[in-house]
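Below: the structure, in structure tokens.
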Amino acid sequence: MRKWIAMVMACLLVLGQVALAEIPDVSTLTDEELVQLAQDIQEEQDKRAQGGVSEPAEPAEITLQKGDKSEDVRRMQNRLIELNYLSGGADGDFGGKTEAAVKMFQQEAGLGVTGIADPETLNALYADDAPKAKVYNKLNYNDIARDPNTYEGQYFNFSGKVLQVMEGSSVGGTTTTVMRIATKGNYDNVVYVTYERPNEDKRILEDDRVTVYGVSDGLYTYTSTMGKSITLPKFTAEVVSFN
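So for the sequence shown, the numbering used here puts the first residue at 196; every next one is plus one.
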């Protein structure tokens, strides 16, 4: 009996997140009950190790943002991974990729797109009916430039250097932003991107390195300052993050 009691107590201590008040009086349990308790604790540990337990026991009352490093960030990252907004591992470091993932979730959930995980965002994220992410394919420039109609309306993500940026009117808390972005090297495989940038976000400047998540709109043709007609693949960005 003492062997089982020692094992159960060790499991409870390793779990690390069980309050002392929750520890049962194991001296009153039968051998079968002790075995079951140990199995239940092991299953809980396995779930947490795999990132399967990401939902707080109580409604979130914290705010997480870029630059934060904590267990709460790691828990949020695991949930973003589970919903396909974030790839890779959860390291507890709220960086640019995590900020972009939060923005994409906020977009899908109909929340203000700020990249800041406030209590409203976290509660929506941990909800059972939290929306899963769209599937954003990696951009193959040659394919989409050659046969744009096939890919129109599909979702893509790509990174590149901002060659030119122009800002238009500001309406409803966003500023219309138009960019030409080189997706290969410094000047090659250029795409035309429109983006309704939230006014609380930093402005996008020439030479910035960004990652875009958006939908293909076919081709866009415009006349350069030299009078030359230029046609580029066009995208409407849903989220733009700084690299």
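Glycine included, every Cβ here is placed at the ideal spot set by N, Cα and C.
- When DSSP assignments are scanned along the stretch 266-290, the uninterrupted stretches of alpha helix (DSSP H) that are 4 or more residues long and fall wholly within it turn out to be 266-277.
- Taking 8 Å as the cut-off, the Cβ atoms of L259 and F289 count as close.
- When the Cα atoms are used, S436 and E347 turn out to be separated by approximately 23 Å.
- According to the DSSP assignment, Y346 belongs to the alpha helix (DSSP H) that extends over 343-346.
- Contact fails between the stretch 272-291 and the stretch 414-422, because fewer than three Cβ pairs, one in each stretch, are under 8 Å apart.
- DSSP places I311 in the coil class of the three-state scheme, outside both helix and strand.
- A straight-line Cα-Cα distance of about 33 Å links T345 and G368.
- The beta carbons of K292 and V308 sit about 16 Å from each other, so the pair does not count as a contact at 8 Å.
- At a Cβ-Cβ threshold of 8 Å, M374 and I399 count as neighbours.
- CA-CA distance, T416 to A432, rounds to 18 Å.
- Taking the C-beta atoms as reference points, Q349 is found no nearer than 8 Å to S424.
- Contact check for D403 against V434 fails: the beta carbons are separated by 8 Å or more.
- Across the set Y336, D342, G363, the C-alpha of Y336 shows the shortest separation from the C-alpha of G380.
- In this structure, E303 sits near A328, with a CB-CB distance shorter than 8 Å.
- Taken in chain order, the whole alpha helix (DSSP H) runs of length 4 or more contained in the stretch 325-365 are 336-341, 343-346.
- Ranking A295, K264, A325, L334 by CA distance to the CA of T378 puts L334 first.
- Short of 6 Å from the beta carbon of T426, and not among the five residues preceding or following it, lie these beta carbons of its own chain, in chain order: L414, T416.
- By the Cβ neighbour-count rule, K264 is exposed, with fewer than 16 other Cβ atoms within 10 Å of its own.
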